[in-house]
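Q: The structure's right below; bear with me while I get my questions together.
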Amino acid sequence: RIFTPMPVDQPRTRPSGSSRAAGESLGAKPSSSVTVLPEEQLDARLDEVLAKIAREGRGGLTEEDHRVLQEASRRARDKRSDRL
816 RIFTPMPVDQ
826 PRTRPSGSSR
836 AAGESLGAKP
846 SSSVTVLPEE
856 QLDARLDEVL
866 AKIAREGRGG
876 LTEEDHRVLQ
886 EASRRARDKR
896 SDRL
């Protein structure tokens with residue numbers, strides 16, 4: 816498998832006022848913003864996000880776009896681990 820790292824447009828830093836709540840893990844998502852999409856809808860949104868990356872680059876992604884990528888990645892990992 817070949818991996819090519821994506822160039823980083825801007826350093827990723829947390830805003831000064833943001834911190835993790837007690838017990839919140841790195842992978843945890845705020846429950847108020849979690850939208851569980853059926854697989855077909857996630858696939859359609861993923862296609863839109865990937866097309867946007869092709870047009871505008873990663874710098875043009877919104878937080879929602881990033882969440883779609885993260886959810887698609889999580890589901891793909893889960894599918895791979897189910898096959899083992």
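In terms of the numbering used here, the sequence shown has 881 at position 66, counting the first letter as 1, and numbering is strictly consecutive. Ideal Cβ positions, reconstructed from N, Cα and C, are used throughout, including at glycine.
1) Identify which residue in L899, E879, S896 and R870 has its Cα closest to the Cα of V851.
2) With DSSP run on the structure shown, which of helix, strand or coil describes G986?
3) Tell me whether the beta-carbon of L857 lies closer than 8 Å to the beta-carbon of A891.
4) Out of R898, D897 and V883, state which residue places its alpha-carbon closest to the alpha-carbon of L861.
5) Taking just the CA atoms, how far does P853 sit from G872?
A: With the given structure in hand:
1) E879
2) Limits of the chain in this structure are 816 at one end and 899 at the other, which puts residue 986 out of reach.
3) no
4) V883
5) 26 Å
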